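Here's what the structure looks like:
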């Protein structure tokens, strides 16, 4: 089980209040985590990754364990602490004013 | 009992303003989709309880929202509230925010680039839905005008969207160029007397018409003159800001262009300028009186570099003669120190007697006139910047 923290706008779209907990089979990567997230909450499709390219949207970032993982390869393993559920994988809206 | 429902899209959410037919006392809803840009909301004429909304943000992209109860509750189509978000076989129940350009060789004529501001090729990238236009006959059918400019249609209540690719592929698409607000398809006019006919407008490509339900398109920009492009009378490249039509006379179109107010009496085949005695012919909105098809409204804006009313006076101009002769409507509108803008989708009329006219400003005011423009009063003064205003007349 992994834990995912969503920004407030996406929590509202997904109708969730707190962290999301997801079971993932196999290796825990950005791709497998986001695939599982979108399978559970299809209304989030297109809000984190582009529908067509599946690339991270420009103003979305991924943090975990005090690190910025936004530019890691989608299939690179996430830190063990994320894979075990000790730490949350954080989807963050970039600070961009407004 | 009659009433009106005003649907207001703003930079930070949507608001629904309701009143009875007197249009004197108003209820203002709490913000809907708070914090998101709501470029447009529009209700179905067939089923006024059906309203579509375009919700977007630079962070999280495009969302389509739908209400089936007149705006009391909303949901993303395909995901009804309280129901599982996936079908029994595990597949998602539609992806209502998925707008993918058609690049198939059969229908899409793979069109990969348009022109960037400097004339260089630039890839087509979906950014947001600017305008939603429900079908005049079917509440589940709705058209979406998007940035980068393209036209999409949903026939399942907004659950899935397909591009009407012949518009981009008709031949001039690679020469289209964005305006300051982006390359947006912002106007969709449906002809109630001719189901195959539709008009659309793009900044800054111009106006286009189909007579066969979107299978083929052609530019309808003859008579437009734009000094901002290399050939001022080119077939495409004109920054059309808005087109309006009275349903009883679908061959007569009124246009607010970047500069110039224009009129066509032949469904866009040719245009004549009707700016007449306007203090400036730059502006964004234009609309037609609900019962007097020759009465039109514009809000002149000083210039393309100074997007506020001339002399700090917010004035709606009305022509009762279909153009050229204009009168300033000022009663109840600020006549000093007013420096707001009125964006292209931010004016609408109701169909009560007398015709109500409404517009919203970038300063967050929504003004209403219950006497066809003779006098005005703010419904609300302090919303976020208003992007769009639509009105539903409830009988």
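Protein chains in written order, with my numbering: chain A, 1 to 98; chain B, 99 to 493. Positions of the beta carbon are idealized from the N, C-alpha and C atoms, including for glycine. For clarity, every value in this text was computed on a predicted model and none was experimentally measured.
Is there at least one Cβ from chain B nearer than 9 Å to residue i's Cβ?
i	result
residue 5(A)	no
residue 50(A)	yes
residue 71(A)	no
residue 33(A)	no
residue 22(A)	no
residue 74(A)	no
residue 13(A)	yes
residue 79(A)	no
Taking CB distances under 9 Å as the criterion, tell me whether residue i reaches chain A.
i	result
residue 170(B)	no
residue 260(B)	no
residue 161(B)	yes
residue 257(B)	no
residue 174(B)	yes
residue 158(B)	yes
residue 224(B)	yes
residue 155(B)	yes
For residue i and residue j, what's the separation of their Cα atoms in angstroms?
i	j	result
residue 318(B)	residue 306(B)	5 Å
residue 156(B)	residue 56(A)	13 Å
residue 311(B)	residue 345(B)	18 Å
residue 39(A)	residue 460(B)	39 Å
residue 20(A)	residue 411(B)	52 Å
residue 71(A)	residue 175(B)	32 Å
residue 467(B)	residue 477(B)	10 Å
residue 44(A)	residue 405(B)	36 Å
residue 33(A)	residue 25(A)	10 Å
residue 354(B)	residue 463(B)	22 Å
residue 369(B)	residue 225(B)	31 Å
residue 154(B)	residue 262(B)	22 Å
residue 169(B)	residue 137(B)	16 Å
residue 489(B)	residue 230(B)	14 Å
residue 133(B)	residue 210(B)	33 Å
residue 35(A)	residue 238(B)	30 Å
residue 275(B)	residue 335(B)	7 Å
residue 216(B)	residue 474(B)	42 Å
residue 49(A)	residue 484(B)	29 Å
residue 343(B)	residue 129(B)	31 Å
residue 223(B)	residue 246(B)	6 Å
residue 387(B)	residue 93(A)	44 Å
residue 103(B)	residue 145(B)	14 Å
residue 31(A)	residue 59(A)	18 Å
residue 29(A)	residue 106(B)	42 Å
residue 194(B)	residue 173(B)	10 Å
residue 87(A)	residue 151(B)	37 Å
Who are residue i's beta bridge partners in DSSP?
i	result
residue 426(B)	415(B)
residue 249(B)	243(B)
residue 92(A)	61(A)
residue 357(B)	380(B)
residue 308(B)	296(B)
residue 5(A)	90(A)
residue 449(B)	Per DSSP, none; premise fails for residue 449(B).
residue 140(B)	150(B)
residue 164(B)	150(B), 173(B)
residue 68(A)	63(A)
State buried or exposed for residue i, treating a residue as buried only when at least 16 other CB atoms are found within 10 Å of its CB.
i	result
residue 439(B)	buried
residue 17(A)	exposed
residue 214(B)	exposed
residue 108(B)	buried
residue 140(B)	buried
residue 84(A)	exposed
residue 265(B)	buried
residue 66(A)	exposed
residue 73(A)	exposed
residue 121(B)	buried
residue 451(B)	exposed
residue 493(B)	exposed
residue 95(A)	exposed
Is any heavy atom of the ligand GTP found at a distance shorter than 8 Å from the C-beta of residue i?
i	result
residue 370(B)	Absent from the structure shown: the ligand GTP. Ligands present: none.
### Message
Closer than 9 Å between beta carbons: that is the criterion. Which residues of the stretch 193–204 of chain B meet it against chain A?
### Response
The stretch 193–204 of chain B vs chain A, Cβ under 9 Å: 193, 194, 195, 196, 197, 198, 199.
### Query
Relative to chain B, which residues along the stretch 36–64 of chain A have a C-beta separation below 9 Å, given in chain order?
Residues of the stretch 36–64 of chain A that bring their beta carbon within less than 9 Å of a beta carbon in chain B comprise 38, 39, 40, 41, 42, 43, 44, 45, 46, 47, 48, 50, 51, 52, 57, 58, 59, 60, in sequence order.
### Task
Report the residues of the stretch 118–147 of chain B with a CB closer than 8 Å to any CB of chain A, ordered along the chain.
Taking 8 Å as the Cβ-Cβ cut-off against chain A, the residues of the stretch 118–147 of chain B that qualify are 133, 134.
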